[in-house]
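Residue numbers (UniProt numbering), protein chains in the order written: chain A, 1 to 431; chain B, 1 to 431.
Protein chains: 2
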Amino acid sequence: MQMEERGKIARDAGILLAATNGEMRNEGLKAIAKALEANQDAIIAANQTDMKRSQDENLGAPLLKRLTFDAVKINDVIQGIYSLMELTDPLGATKLSTQLDEGLDLYKVTCPIGVIGVIFESRPDAFVQISTLCLKSGNSVLLKGGREALETNRILAKIIHDATVSVGLPVNWIQNLETREDVTAMLALDQYIDLIIPRGSNSFVKYIMTHSNIPVMGHADGICHIYVHDDADLTQAIDIIVDSKTQYVAACNTLETLLVNENIAQKLLPALKTALDAKNVQLKGDTATQAIIPVEPATEEDWKTEYLDYILSIRIVPDLNTAITHINTYGSGHTDVILTTAEAMAKTFMTLVDSAGVFWNCSTRFSDGFRFGFGAEVGISTSKLHARGPVGLDGLLSYKYKLLGHGQLVADYASGKSQFTHVTQNTNCPI
Amino acid sequence: MQMEERGKIARDAGILLAATNGEMRNEGLKAIAKALEANQDAIIAANQTDMKRSQDENLGAPLLKRLTFDAVKINDVIQGIYSLMELTDPLGATKLSTQLDEGLDLYKVTCPIGVIGVIFESRPDAFVQISTLCLKSGNSVLLKGGREALETNRILAKIIHDATVSVGLPVNWIQNLETREDVTAMLALDQYIDLIIPRGSNSFVKYIMTHSNIPVMGHADGICHIYVHDDADLTQAIDIIVDSKTQYVAACNTLETLLVNENIAQKLLPALKTALDAKNVQLKGDTATQAIIPVEPATEEDWKTEYLDYILSIRIVPDLNTAITHINTYGSGHTDVILTTAEAMAKTFMTLVDSAGVFWNCSTRFSDGFRFGFGAEVGISTSKLHARGPVGLDGLLSYKYKLLGHGQLVADYASGKSQFTHVTQNTNCPI
Numbered sequence: 001m002q003m004e005e006r007g008k009i010a011r012d013a014g015i016l017l018a019a020t021n022g023e024m025r026n027e028g029l030k031a032i033a034k035a036l037e038a039n040q041d042a043i044i045a046a047n048q049t050d051m052k053r054s055q056d057e058n059l060g061a062p063l064l065k066r067l068t069f070d071a072v073k074i075n076d077v078i079q080g081i082y083s084l085m086e087l088t089d090p091l092g093a094t095k096l097s098t099q100l101d102e103g104l105d106l107y108k109v110t111c112p113i114g115v116i117g118v119i120f121e122s123r124p125d126a127f128v129q130i131s132t133l134c135l136k137s138g139n140s141v142l143l144k145g146g147r148e149a150l151e152t153n154r155i156l157a158k159i160i161h162d163a164t165v166s167v168g169l170p171v172n173w174i175q176n177l178e179t180r181e182d183v184t185a186m187l188a189l190d191q192y193i194d195l196i197i198p199r200g201s202n203s204f205v206k207y208i209m210t211h212s213n214i215p216v217m218g219h220a221d222g223i224c225h226i227y228v229h230d231d232a233d234l235t236q237a238i239d240i241i242v243d244s245k246t247q248y249v250a251a252c253n254t255l256e257t258l259l260v261n262e263n264i265a266q267k268l269l270p271a272l273k274t275a276l277d278a279k280n281v282q283l284k285g286d287t288a289t290q291a292i293i294p295v296e297p298a299t300e301e302d303w304k305t306e307y308l309d310y311i312l313s314i315r316i317v318p319d320l321n322t323a324i325t326h327i328n329t330y331g332s333g334h335t336d337v338i339l340t341t342a343e344a345m346a347k348t349f350m351t352l353v354d355s356a357g358v359f360w361n362c363s364t365r366f367s368d369g370f371r372f373g374f375g376a377e378v379g380i381s382t383s384k385l386h387a388r389g390p391v392g393l394d395g396l397l398s399y400k401y402k403l404l405g406h407g408q409l410v411a412d413y414a415s416g417k418s419q420f421t422h423v424t425q426n427t428n429c430p431i
Numbered sequence: 001m002q003m004e005e006r007g008k009i010a011r012d013a014g015i016l017l018a019a020t021n022g023e024m025r026n027e028g029l030k031a032i033a034k035a036l037e038a039n040q041d042a043i044i045a046a047n048q049t050d051m052k053r054s055q056d057e058n059l060g061a062p063l064l065k066r067l068t069f070d071a072v073k074i075n076d077v078i079q080g081i082y083s084l085m086e087l088t089d090p091l092g093a094t095k096l097s098t099q100l101d102e103g104l105d106l107y108k109v110t111c112p113i114g115v116i117g118v119i120f121e122s123r124p125d126a127f128v129q130i131s132t133l134c135l136k137s138g139n140s141v142l143l144k145g146g147r148e149a150l151e152t153n154r155i156l157a158k159i160i161h162d163a164t165v166s167v168g169l170p171v172n173w174i175q176n177l178e179t180r181e182d183v184t185a186m187l188a189l190d191q192y193i194d195l196i197i198p199r200g201s202n203s204f205v206k207y208i209m210t211h212s213n214i215p216v217m218g219h220a221d222g223i224c225h226i227y228v229h230d231d232a233d234l235t236q237a238i239d240i241i242v243d244s245k246t247q248y249v250a251a252c253n254t255l256e257t258l259l260v261n262e263n264i265a266q267k268l269l270p271a272l273k274t275a276l277d278a279k280n281v282q283l284k285g286d287t288a289t290q291a292i293i294p295v296e297p298a299t300e301e302d303w304k305t306e307y308l309d310y311i312l313s314i315r316i317v318p319d320l321n322t323a324i325t326h327i328n329t330y331g332s333g334h335t336d337v338i339l340t341t342a343e344a345m346a347k348t349f350m351t352l353v354d355s356a357g358v359f360w361n362c363s364t365r366f367s368d369g370f371r372f373g374f375g376a377e378v379g380i381s382t383s384k385l386h387a388r389g390p391v392g393l394d395g396l397l398s399y400k401y402k403l404l405g406h407g408q409l410v411a412d413y414a415s416g417k418s419q420f421t422h423v424t425q426n427t428n429c430p431i
């Protein structure tokens, strides 16, 4: 089938999915969980085909590990589906209710976005997580996973589709794409697809953004900072810096640049170096840092770099404002932290730093949908439109305005015959 | 100054503006109102220069009328500023508060988007309305008005800038662009500009969307429908159709296509034709319509056309589902109405029609920020991301996550030493 036709049937399915109630979508989720359990052997066999081919192609060990979809991982995604079922139905929630006039009531009600195109890395568990998030939120989804997981994703798509159709959900709400040509064609389907979510490297996300008119939700970079003010608790500061840099070095919420107030640098840096040496973190620093501890020189390029590795760049700054300007100049608007005992300093930092996450006295690594309590995470957005920061089910919602009248005409309000009351109400939309 | 530099200083001003409190921004609004009043003569003189040049260039009468900025219109925008001052400060509102653990509290807090680029039609009143909405919501703004209003916009920009700077607001938060080259350069400044709002024709909005990586908020089309179900009140139906088509024919929320259930067509159409003839509305219809009343034939192209004129296309449909499919196929997702006495029919229509506004028994023309009670309107969005439908101040907001901790590390939660509590709270962010 041509991609244009696939986009159209995805849209048709999305319209029907938007009209299903939460119980029916939960029935679908349950059917998926049961089908994954029942078909576990076939899924593992398909995954072993992918693993064998990838080993033959000399795929690296970390990627092979991500590609693995065994009984343990299958059980994890099944448990994830049961957790998702417990979340409140995100659709049909009244966000605003206003009486415009007697018998003319306006309601702003949540609804699905429509059709979402997701392009993601090789992990087969992501295939299940993304598709079940879309089902819970009533969105059709076109998924393109990594080439390495071809067989695994193919069988997962069939199992998920068939399980949900068997309980009465619309056909074709989930479709599996298998080629790069399909992705290229999908990026042009702005008449059918409402949102593209690319997951992968920065350059990949930027490529998608510049090659489609469809809105894109993704993060372009994660250059996270910690600024240590001169009144910070030293022991706490070292613990937080070590956690932020080393707890999981390849994540987008990992610390990349440390800014240290010049009044505390002499006390902090030697002890910090000892702690980071123990974790094999390579340090780079500006001239002032080099005068205190032995580090490689940091260049302008370092301030703009997301290392995703055991490397940390350090700059000594004279004051809070210089730290804020550094972050707003070189940062990526992801997550930035101030360590200080002064609430006024924290407040200034959190107001002026233009980032999705502004934290006080804790690790950058808390910037995450699960840790934030969103139950499920679509991704982390560094855009300031629609969704910012860790994105839960909310990021997959739009809304519509329902206006319930009794024959009212605008001409009567224009002439002054009728007047708007504009009374805010606390009622849910009755239909 | 080069556009890149202007983008950078706009961003710097936006950072400072985000940190101002609501009282200070209201002081700025008041200063603008007073300065407009004090400089009324100079504004009118500048406008007369624009009017004179435009008359010499044979600008059409409707455009000349829009260009006029006289004492009455100046007073209107001043009153609009006082109304805007009365609205609650949209910034710093806590939208979500969650205790992640004892002493680790997460707050989702509204903040400005940052820098907004607005490209708009010739009306000078729009210059004042847009810039004051941006100030109220703490956003920097780059405005490019119509070439015809060059002198008027130039003096308005200076008055607004100087009045606000005099009360302590940051310099350069508002900048006036005067050339097409500036607009072209602005569309490339995705590192400094967060949102583009184009106001104008469909083709213009689409041009902007395809020529910038910056998110665009605008509506591409307003092809609005009314579906008359077979149980509709006939007199009410005719009144609503006439209001929707003729109350203001050039607006995007005006009715363009009427869908009539076949069971009511024989009764409705002759009486409707009489009512629309009285308003000089030209009718087009499908074959079934032509069999009942004398109308020009409607083609496939008519279903896709936003006339913005005294023209209405009519199609007779066998049932509700055909009407819904027609709307979802040919509509633009703006505003669509069902006329029926049956709540179940209204519910199905309002759930399945994928539009920003889905109305029951009232005019399409209610789709408007002022009529919805939003106090001020940025525009109407047919996108499903960020803002949909009439957009008030809310559409100019983003949010950030503030996390207030006491030294917490992610490693302790990963190891199981600490557990998340994830308790929803009802508290405002204390800083």
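All C-beta atoms, glycine included, are put in the ideal place defined by N, C-alpha and C. Computed from a prediction, not measured in an experiment: that's the story for all the values here.
- Of all alpha-carbon atoms in B:Asp12, B:Leu59 and B:Asp50, the one lying nearest the alpha-carbon of Phe69 of chain B is that of B:Asp50.
- For Gln79 of chain B, the enclosing alpha helix (DSSP H) covers residues Ala71 to Glu86.
- At a cut-off of 8 angstroms between beta carbons, Phe204 of chain B makes no contact with chain A.
- Shown here, Trp303 of chain A sits in a helix according to DSSP, grouped into three states.
- Judged by DSSP secondary structure, Val183 of chain A falls within the alpha helix (DSSP H) whose first and last residues are Arg180 to Met186.
- Across the set B:Ala31, B:Ile338, B:Glu57 and B:Asp319, the C-alpha of B:Ile338 shows the shortest separation from the C-alpha of Val353 of chain B.
- A residue is called buried once 16 or more other Cβ atoms fall within 10 Å of its Cβ, and Asp41 of chain A, having fewer, is exposed.
- Between the alpha carbons of Met1 of chain A and Asp182 of chain A lies a gap of roughly 10 angstroms.
- The beta carbons of Ala13 of chain A and Val167 of chain A sit about 15 angstroms from each other, so the pair does not count as a contact at 8 angstroms.
- For Asp286 of chain B, there are no C-beta contacts with chain A under 9 angstroms, since the nearest C-beta of that chain is about 23 angstroms from it.
- Annotation: the continuous alpha helix (DSSP H) that includes Leu135 of chain B extends over Pro124 to Lys136.
- Around the beta carbon of Thr299 of chain B, fewer than 16 other beta carbons lie within 10 angstroms, which makes this residue exposed.
- Within the region 378-411 of chain A, the residues whose Cβ lies closer than 9 angstroms to any Cβ of chain B are, in chain order, Ser383, Lys384, Leu385, His386, Ala387, Arg388, Gly389, Pro390, Ser398, Tyr399, Lys400, Tyr401, Lys402, Leu403, Leu404, Gly405, His406, Gly407, Gln408, Leu409, Val410 and Ala411.
- Beta-bridge pairing by DSSP links Ile119 of chain B to B:Lys144 and B:Pro198.
- One finds Thr98, Leu100, Leu106 and Tyr401 in chain A with Cβ atoms closer than 8 angstroms to the Cβ of Phe372 of chain B, taken in chain order.
- Linking Thr305 of chain B to Ala157 of chain B through their CA atoms gives a straight-line distance of about 37 angstroms.
- Contact between Leu272 of chain A and Ile316 of chain A does not hold, since their C-beta atoms are separated by about 12 angstroms, which reaches or exceeds 8 angstroms.
- Here Asp231 of chain B is exposed, its C-beta having fewer than 16 other C-beta atoms within 10 Å.
- In this structure the region 62-77 of chain A does not lie against the region 111-119 of chain A, because fewer than three pairs of beta carbons, one per stretch, are closer than 8 angstroms.
- Counting the other CB atoms within 10 Å of its CB gives Ser367 of chain B a total of 16 or more, which places it among the buried residues.
- In the structure shown, Gly416 of chain A adopts coil according to DSSP, grouped into three states.
- The beta carbon of Trp360 of chain B falls within 8 angstroms of a beta carbon belonging to chain A, placing the residue at that interface.
- By the 16-neighbour rule on beta-carbons within 10 angstroms, Asp277 of chain A is exposed.
- For the C-beta of Asp239 of chain A, the chain B residues within less than 8 angstroms are, from N- to C-terminus, Gly407 and Leu409.
- The C-beta distance from Tyr192 of chain A to Gly369 of chain A rounds to 28 angstroms, too long to meet the 8 angstroms contact threshold.
- The C-beta of Phe366 of chain B comes closer than 8 angstroms to at least one C-beta of chain A.
- Note on geometry: alpha-carbon atoms of Gly407 of chain B and Asn280 of chain A lie some 23 angstroms from one another.
- For Leu135 of chain B, none of the residues of chain A pass the 7 angstroms Cβ criterion, the least Cβ distance being about 17 angstroms.
- Around the beta carbon of Lys144 of chain B, 16 or more other beta carbons lie within 10 angstroms, which makes this residue buried.
- When rounded, the separation of the alpha-carbon atoms in Leu91 of chain A and Leu385 of chain B is 15 angstroms.
- In this chain, the beta strand (DSSP E) harbouring Thr257 of chain A covers Leu255 to Asn261.
- Listed in chain order, the non-local C-beta contacts of Ala126 of chain A below 6 angstroms within the same chain comprise Phe120, local neighbours out to five positions each way being set aside.
- Rounded to the nearest whole angstrom, the CA to CA distance from Arg199 of chain B to Asp162 of chain A is 45 angstroms.
- Using a Cβ distance threshold of 8 angstroms, Ser381 of chain A and Arg388 of chain A count as a contacting pair.
- Contact of Leu352 of chain A with chain B by beta-carbon distance below 9 angstroms involves Ile15, Leu16, Ala18 and Ala19.
- Each residue's CA atom was taken as its position, placing Lys108 of chain B and Lys417 of chain A some 43 angstroms apart.
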